[in-house]
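Q: So that we are looking at the same thing, I have put the structure below in structure tokens.
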Amino acid sequence: MTEALVLHEDRLFPTDPGMRGIARRLYAEVKDLPIISPHGHTNPQWFAEDLPFPDPATLLIIPDHYIFRMLFSQGVPLEDLGIPRRDGGAVETDARKIWRCFAERYHLFRGTPTRMWLDHALRFVFGVEKRLTEETADRIFDHIQECLNKPEFRPRALFDRFNVEVLATTESPLDDLRHHAKIRDGDWNARIVSAFRPDPVVDPDFEGFAGNVAALGGMTGEDTASWSGYLAALAARRQAFKALGCTSTDHGHPTATTCDLDRAACEGLLAKALAGKCTAEEAERFRGQMLTEMARMSLEDGLVMQIHPGSFRNHNRRIFESFGRDMGADIPTRTEFVHALKPMLDRFGNEPDLTVILFMIDESSQSRELAPLAGHYPCLRLGPPWWFFDSPEGMLRFRRNVTETAGFYNTVGFNDDTRAFLSIPARHDVARRVDCAYLAELVADHRLEEDEARELAIDLSYHLVKQAYKL
Amino acid sequence: MTEALVLHEDRLFPTDPGMRGIARRLYAEVKDLPIISPHGHTNPQWFAEDLPFPDPATLLIIPDHYIFRMLFSQGVPLEDLGIPRRDGGAVETDARKIWRCFAERYHLFRGTPTRMWLDHALRFVFGVEKRLTEETADRIFDHIQECLNKPEFRPRALFDRFNVEVLATTESPLDDLRHHAKIRDGDWNARIVSAFRPDPVVDPDFEGFAGNVAALGGMTGEDTASWSGYLAALAARRQAFKALGCTSTDHGHPTATTCDLDRAACEGLLAKALAGKCTAEEAERFRGQMLTEMARMSLEDGLVMQIHPGSFRNHNRRIFESFGRDMGADIPTRTEFVHALKPMLDRFGNEPDLTVILFMIDESSQSRELAPLAGHYPCLRLGPPWWFFDSPEGMLRFRRNVTETAGFYNTVGFNDDTRAFLSIPARHDVARRVDCAYLAELVADHRLEEDEARELAIDLSYHLVKQAYKL
Amino acid sequence: MTEALVLHEDRLFPTDPGMRGIARRLYAEVKDLPIISPHGHTNPQWFAEDLPFPDPATLLIIPDHYIFRMLFSQGVPLEDLGIPRRDGGAVETDARKIWRCFAERYHLFRGTPTRMWLDHALRFVFGVEKRLTEETADRIFDHIQECLNKPEFRPRALFDRFNVEVLATTESPLDDLRHHAKIRDGDWNARIVSAFRPDPVVDPDFEGFAGNVAALGGMTGEDTASWSGYLAALAARRQAFKALGCTSTDHGHPTATTCDLDRAACEGLLAKALAGKCTAEEAERFRGQMLTEMARMSLEDGLVMQIHPGSFRNHNRRIFESFGRDMGADIPTRTEFVHALKPMLDRFGNEPDLTVILFMIDESSQSRELAPLAGHYPCLRLGPPWWFFDSPEGMLRFRRNVTETAGFYNTVGFNDDTRAFLSIPARHDVARRVDCAYLAELVADHRLEEDEARELAIDLSYHLVKQAYKL
């Protein structure tokens, strides 16, 4: 039996008729606003080259760790999903087989945001009308394949169709930004910018750190073996990113630790790090110092700073050995902010011209640490719920946990943070719906008037993000 | 004034009429499914001997630490409740007096699951029609006493009436399983199995550890003073349990620590543990190593592994000295899983033939650590909310916290985990109702179609638990 | 455009019509009950002298760190709000300008309890009928100013109008309690008592600790340089507080650590503390020992003990240097109770005549540690959600997190804990509404009968607090 694929127009709204009515009215105000996507991981090459996406599996499954982690958890080897092995060993290459393997197990995603995003893409991007099942797998595969061969499904056409006002990708300082330059220099009128993500050159534990820093020196003509040259090289690359429209930096450290060391200590740590001789504790201090240095540079060049701490990367040893990074095996850990951020805040916390956006994957810190910090320090803002919490329940918990202490105006709207290009409209739609649902609750129990909720809905969907990211 | 004892047919369902209708339809599909009880602490002797339960206090109060902990917290000495003292000192023996003491304070249980379970047993097992109060205490006591004297209230009759398809108890490797053997060898056609709980012989801090290990040697003919003999003895007892139908092991360690030590280190720790000379840290490492050893054995013999970490046992020193273990003084502590499980997961995490079911009493770990781990590792599944969280709010929080990341199919259905035999139908009923209420929410706000919710309701009540526990 | 200032009569009640009806009926039973305010920080001088409050800014903004922290977080310097600098440097003194600065930014408080409290005071204390905005700022300022000049807006008149049965303030042992004595000796028939807050003389890290302890000696004629004299001096001040009606002590330590040291260790720590030579760890142990000493004294003199742990005080270094304590820069930290309280509980945990009320600002401890502890130990009770969690969502989470394990009767009703006198009726009203909303949920999904909910609503609003605080 094949069921219709229905995305109900009231999805994610409260069930109570009074509240639902309010939510509908609020959503009507925001649903057609342009998408501001200030943080994500799409590939700028797609937009620079505008080649067709090759097939449904390559587009929707192979790059999406939300999808393959769930299949892996239920016993599907990553090889069967076409994920490339580091050693070049054999993996499935038949896109249809990969698609079938996924479709047969689509029930595993019930109740997950992945299901919602994929259904949204199937229905609204590709016009699919039947639910994805083992039975419909082949027909839907063929239909998507047919679409992908058409010009209106090329990256630029989709970007325009998605009504994206600005999209940020994320690059390392070592990236030459050629794709961004090409987009900018061409005649396509889209705003696609990079975010400066220096982890490979500021984290001594990053694979190839010393080589990365040397390459940084090569790119900039600075002596990155000296502390001052190293900082100058970073500042130079920030300028290069900024010149191509970049407005933000991003920092994915294992913790939120910041430090404020004296110059001699910094020089000593850099030397050790380049020699590969840092202890775990020294590496932590080096990263912590670099957050403070980045804050200082932000105060100078105006780039907005994003901190994404708390992920234990590559937790599954064998998967890391066989497949590398970003294979769905990053696991959140308990994250402390109050002591960790103090050295940086003691230096720059009261600067109204600095913006530091904090993300978290430890929800227990939301009401305890993050909302109180953001509700006090002028430089701090709260990023939206991240990663596993980019989900209806995660978003609702976030609003419920932080609003009473930090208000709405210390938050920065939504980030889709995705590699899955087709999920961008779906993700923003979910965020807008959930915010409207939350606001409808406040209106329905008379904590807020509806005219205020209307203004807030628009601020949360559009204005706050533009303002926070200076876009 | 005596009020009617009402258990409303819509209890625990959402109030919104639309959602309530969905919940009712889902619940109708599952309410009469047989009970699978894969983890609990009922006494197999009850079923082996089938003697009448002596009186209401002995049946319902004295063995139920949920009940006497609350009374104790409000100033009732355990002696007044008939809890036996270790020193044989005088305690109340008049069952009616104990019952009255409880009934006078029944308002203390408002809003607790204990109240719900007890009302369920009073209403549906004994047919009581008035609410328990000081005024009705005596009449209800007499009524229950009268029931208990009838054959249809003997353990086996109740077991059959409760529609239990399979019930697991929990025994130490030192248990001779005579009650299980007697049940199996008799002509009563019930499936009652044990679970292998080796804490007394794998935890150096357990009372009488060295003696326990020696007894293990005696039972198996192995030299348990040697590492290989010790492991062989454990493997032999696992086989003996398995021969009587056991399908799982259970591990109640203070933390989730696992280790992967070399053989010499293991031998050294065993020697120290047997000599009673382990430091706290060494005892922790020994327990951690034994979890990894148990995982290895599970991969060989197919027993499903359950880990129940995070309880600070016997927190009240004087109560422990006077009354012993399991006196309602076990308090949850912060529990870390991400680093703790890594040594075991590095060894066996990707084995699709291994099943490790994780329980928690630190809810902050649900969305942060457990759902992400279970949504990735093939061997991991999430047990239902445990102990204090075997409750409507606890269950709802669990589903809301884990579903979006781990889905439904990395969870394993319900465990009643109880010593209170009469609460088993009540607990399963609560779990089924809460799951239906949660699913109704997802249907009502269009995150799930109702046909999918129906399939899920049945999976959560019946199929997942059978499959996860290989029952 | 000026909008009406509406406080809907059903605010904070559930939206579902059935639940809302129950909530209304419950609230009708409690809305007019007298206010019991057992813990707060109003200034007794107001009531002793009964002078008019000078102006709207001095009354409503300058003393309210909830308000100025939010404005500061959005870039308003504290100087602009008239907060006095330690160095006597210039700050805004024009009350109208301060008020305008606040009114222009009133949207920042949307969704916060501050908004609700202030609207309540504007509407019900001052009869304001328009929403506070940039446009209405001046008119509302003038209106409040006019009110404040009238006798019925003096402190005593407002106290009587607010229907406060008893109000506790908080004083240091070094306070001479002259204002309390004056209130008591006058002919005004109000019950205003102190709470004994010994932090300045029991915390070696408190500013001026040694001098404070010497002053304590001076006040009591005890040799506070000796351990026995120090304890005797504390006991004497407790007696002096008690003589003026005080029934409780309060302890604002950074953690919940308690200790049970031998006398020599205590003497050694006191000597070091007075010499200013404690390490951080020794200061922690000293504070921990003093909690146990205070518990012992409470067992003797009957004062109820309150523990408020977990705040990182004065987190913003520059704000502390420029403006001092209580400037909205106190940030909650992770707080551990299970190990921390054990030494004290091992000594006194089972004493039914001792009452220790625990507060928390780490919500993750509610279901994990606090409810299980309070649901077991006879001496323990749970204080209401504190500080950032004195809010509708915070209160609901608290009830949902603790009720199933600790019941209602191990909680102690509401504390307003405020310096903002005019927010007292608003805060109690919010607490009563939220409790009624929560109880209505339990009735609506049939976890509780309505007659029980009625009794509970009254207990939670009135009886529990009187009983717990012996008022």
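So the protein sequences, as listed, match chains Z, X and G.
In this text, residue positions in the first sequence follow the working numbering: the first is 9, and each later residue adds one.
In this text, residue positions in the second sequence follow the working numbering: the first is 9, and each later residue adds one.
In this text, residue positions in the third sequence follow the working numbering: the first is 9, and each later residue adds one.
Here a beta-carbon is modelled for each residue, glycine too, at the ideal position from N, C-alpha and C.
Could you run through the stretch 395 to 408 of chain G and flag, in chain order, every residue whose CB is less than 7 Å away from some CB of chain X?
A: So the close ones are Arg-408.
Q: Taking 9 Å as the CB-CB limit, is Asn-324 of chain X close to chain G?
A: By this cut-off, Asn-324 of chain X is an interface position.
Q: Between the Cα of Asp-398 of chain X and the Cα atoms of X:Ala-382, X:Ala-244, X:Val-442, X:Leu-116, which residue gives the shortest distance?
A: The candidate whose alpha carbon is nearest that of Asp-398 of chain X is X:Val-442.
Q: Do Ile-75 of chain X and Phe-117 of chain X count as a contact pair if the criterion is CB distance below 9 Å?
A: Result yes, Cβ atoms of Phe-117 of chain X and Ile-75 of chain X sit closer than 9 Å.
Q: Determine the closest residue to Thr-343 of chain G out of G:Cys-387, G:Ala-264, G:Gly-402, with distance taken between C-alpha atoms.
A: Measuring from the Cα of Thr-343 of chain G, the nearest candidate turns out to be G:Ala-264.
Q: Just the chain Z side, please: which residues come within less than 9 Å of Pro-159 of chain G by C-beta, in chain order?
A: Per Cβ cutoff of 9 Å: no residues; Pro-159 of chain G is ~33 Å from chain Z at best.
Q: So Met-78 of chain X and Gly-260 of chain G are supposed to be a Cβ contact under 8 Å. How far apart are they, rounded?
A: With 8 Å as the limit, Met-78 of chain X and Gly-260 of chain G do not qualify as a contact, their Cβ atoms being about 30 Å apart.
Q: Rounding to the nearest angstrom, what Cα-Cα distance links Ile-44 of chain X and Val-420 of chain X in this structure?
A: Roughly 11 Å between the two C-alpha positions.
Q: Helix, strand or coil, according to DSSP, for Phe-61 of chain G in the structure here?
A: Looking at Phe-61 of chain G - three-state DSSP - the assignment turns out to be coil, as it is neither helix nor strand.
Q: What does the alpha-carbon distance come out to for the pair Val-136 of chain Z and Thr-144 of chain Z?
A: So the alpha carbons of these two residues sit roughly 10 Å apart.
Q: Pro-340 of chain X and Pro-380 of chain G look like a contact to me (Cβ under 8 Å); what is the Cβ gap, rounded to whole Å?
A: 6 Å between Cβ atoms; contact.
Q: Per the DSSP calculation, His-259 of chain X is bridged to which residue(s)?
A: Partner(s): X:Ile-315.
Q: Reducing DSSP to helix, strand and coil, say where Pro-7 of chain G ends up.
A: Residue 7 of chain G is absent from the structure shown; chain G starts at 9 and stops at 479.
Q: Look up Pro-159 of chain X in the DSSP assignment and give the residues it is bridged to.
A: Beta-bridge pairing links Pro-159 of chain X to no other residue.
Q: Leaving out the 5 sequence neighbours to the left and right, which residues in its chain are closer than 8 Å to Ala-42 of chain G when beta-carbon positions are compared?
A: The sequence given here has Pro at residue 42 of chain G, not Ala. The answer, listed in chain order, is Asn-171, Val-172, Glu-173, Tyr-470.
Q: Kindly give me the distance between the Cβ atoms of Ala-291 of chain G and Asp-213 of chain G, rounded to whole angstroms, as I take these residues to be in contact under 8 Å.
A: Contact holds; Cβ gap of about 5 Å.
Q: Given Ile-200 of chain Z, which residues of its chain have a CB within under 6 Å of its CB, disregarding the five upstream and five downstream residues?
A: Cβ within range, chain order: Phe-55, Leu-175, Ile-191.
Q: For the stretch 362 to 386 of chain Z, enumerate the residues whose C-beta is nearer than 8 Å to any C-beta of chain G, in chain order.
A: Answer in chain order: Ser-372, Ser-375, Arg-376, Glu-377, Ala-379, Pro-380, Leu-381, Ala-382, Gly-383, His-384, Tyr-385, Pro-386.
Q: Provide the residue span of the alpha helix (DSSP H) that contains Val-136 of chain G, from first to last.
A: Val-136 of chain G -> no alpha helix (DSSP H), and no H or E assigned at all.
Q: So, is Ser-236 of chain G buried or exposed, given that buried needs 16 or more other C-beta atoms within 10 angstroms?
A: That one is exposed.
Q: Is the beta carbon of Ala-461 of chain Z less than 9 Å from the beta carbon of Val-451 of chain Z?
A: It is a contact, given that the beta carbons lie within the stated cut-off.
Q: Please report the distance separating the alpha-carbon of Arg-169 of chain G from that of Leu-464 of chain G.
A: Taking the straight line from one Cα to the other gives about 26 Å.
Q: Our contact map puts Pro-22 of chain Z next to Ala-36 of chain Z with C-beta atoms below 8 Å; I'd like the distance itself, whole angstroms only.
A: That pair is no contact at about 16 Å.
Q: Please tell me whether Arg-104 of chain Z and Ala-129 of chain Z are closer than 9 Å, where the distance is taken between their beta carbons.
A: Against a cut-off of 9 Å, the Cβ pair of Ala-129 of chain Z and Arg-104 of chain Z comes out as no contact.
Q: So Asn-171 of chain Z contacts chain G; which residues on that side make the cut at Cβ distance below 9 Å?
A: The contacting residues do not exist; Asn-171 of chain Z stays about 28 Å from chain G at best.
Q: With distances taken Cα to Cα, identify the nearest neighbour of Leu-447 of chain Z among G:Gly-119, G:Trp-394, G:Gly-29.
A: The shortest C-alpha separation from Leu-447 of chain Z is found at G:Gly-119.
Q: For a cutoff of 9 Å on Cβ pairs, would you count Leu-15 of chain X as touching chain Z?
A: Not one chain Z Cβ lies under 9 Å of Leu-15 of chain X.
Q: In chain order, what residues of the same chain lie with their CB nearer than 8 Å to the CB of Pro-25 of chain X, ignoring the 5 residues before and after it?
A: Here the set comprises nothing.
Q: At a CB distance below 7 Å, what residues from the stretch 17 to 28 of chain X approach chain Z? Give them in sequence order.
A: Per Cβ criterion, the list reads Asp-24, Gly-26, Met-27.
Q: In angstroms, rounded to a whole number, what distance separates the CA positions of Arg-94 of chain G and Thr-101 of chain G?
A: Each residue's alpha carbon lies about 15 Å from the other.
Q: What residues are listed by DSSP as bridge partners for Glu-179 of chain X?
A: DSSP output for Glu-179 of chain X lists X:Phe-204 as bridge partner(s).
Q: Using a C-beta cutoff of 9 Å, does Thr-144 of chain Z count as contacting chain X?
A: Not one chain X Cβ lies under 9 Å of Thr-144 of chain Z.
Q: Rounded to the nearest angstrom, how far is the Cβ of Leu-362 of chain G from that of Leu-390 of chain G, given a contact under 8 Å?
A: Contact flag wrong, Cβ pair sits at about 15 Å.
Q: Below 8 Å, can you find three or more Cβ-Cβ pairs linking the stretch 245 to 255 of chain G to the stretch 301 to 321 of chain G?
A: Touching, per the Cβ criterion.
Q: If you reduce the DSSP assignment to three classes, tell me which class Arg-389 of chain Z lands in.
A: Strand at Arg-389 of chain Z.
Q: Below 7 Å on C-beta distance, what does Phe-214 of chain X contact in chain G?
A: Simply none; closest approach about 20 Å.
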